[in-house]
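Take any residue in the sequence shown, note its place counting from 1, add 364, and you have its number in our numbering. Please read the structure below before turning to the comments.
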Amino acid sequence: MENKQNYLRGFSRDDSSLLGFIIWCEGIAITFNEFKEYFLFLIKENNINEIPDFIWDIIDMEENEKIHLYKRIIGFVPDSKLTEFEISAIYGIGLKRFGSLFDISKKKALDALEQNPHILERFKKTFPFIKLDF
């Protein structure tokens, strides 16, 4: 059997920090297609028998079905364990990638990103298939 790195830590009800991080990134710092691409990456990088069932449902989900993500698909609300300032750093990544935001000022987002470099590193580690040009 092939030895694969376990990327599934942070996907359970007891520890949903990685899942929460990914959900925060969707729509702010990654597109819906990149969100789904992440879960395809997750399947490729893990033992298929260890993949939580809800991940298959996320891959099949259409963008207009996001409203059902917690109740019908995942079954719980993930806790990212991110501070408000760290969430602002995610907005900073989105601003640098896409050029505009509506939920936060440009200055607040970029300041938060500058003061939370660990969020950018976490983003790069979580989404290695996304190439950043900043």
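Don't be surprised by glycine CBs; every beta carbon is placed ideally from N, CA and C.
Selection from the options that minimises the alpha carbon distance to residue i
i, options, result
"D443", "R373, I494, R377 and F399", "R377"
"E447", "R373, F375, G374 and S381", "Note on identity: in this sequence residue 447 is Thr, with Glu being the wrong assignment. The option with the nearest alpha carbon to T447 is S381."
"Y371", "E450, N410, F449 and K400", "N410"
"K472", "A453, H482 and K408", "A453"
"P483", "F375, G458 and I437", "Note on identity: in this sequence residue 483 is Ile, with Pro being the wrong assignment. Checked all of F375, G458 and I437; the closest Cα to I483 is G458."
"N480", "I451, F462 and G463", "I451"
"T490", "I438, I386 and R436", "I386"
"F449", "L433, P492, H432 and S469", "S469"
Whole-angstrom distance between residue j and residue i, CA atom to CA atom
i, j, result
"K488", "V441", "24 angstroms"
"K460", "D497", "9 angstroms"
"E427", "I394", "13 angstroms"
"I412", "F403", "12 angstroms"
"I494", "F405", "11 angstroms"
"E390", "K400", "9 angstroms"
"E478", "F375", "27 angstroms"
Presumed contact (8 angstroms Cβ cut-off) between residue i and residue j, rounded CB distance
i, j, result
"G456", "A476", "6 angstroms"
"I407", "I422", "Not a contact, Cβ separation roughly 11 angstroms."
"G384", "K430", "Their Cβ separation, rounded to whole angstroms, is 15 angstroms, which puts G384 and K430 out of contact at 8 angstroms."
"M425", "I437", "7 angstroms"
At what residue ranges does the segment 379-457 contain a whole run of the alpha helix (DSSP H), taking only runs of 4 or more?
381-389, 396-409 and 417-424
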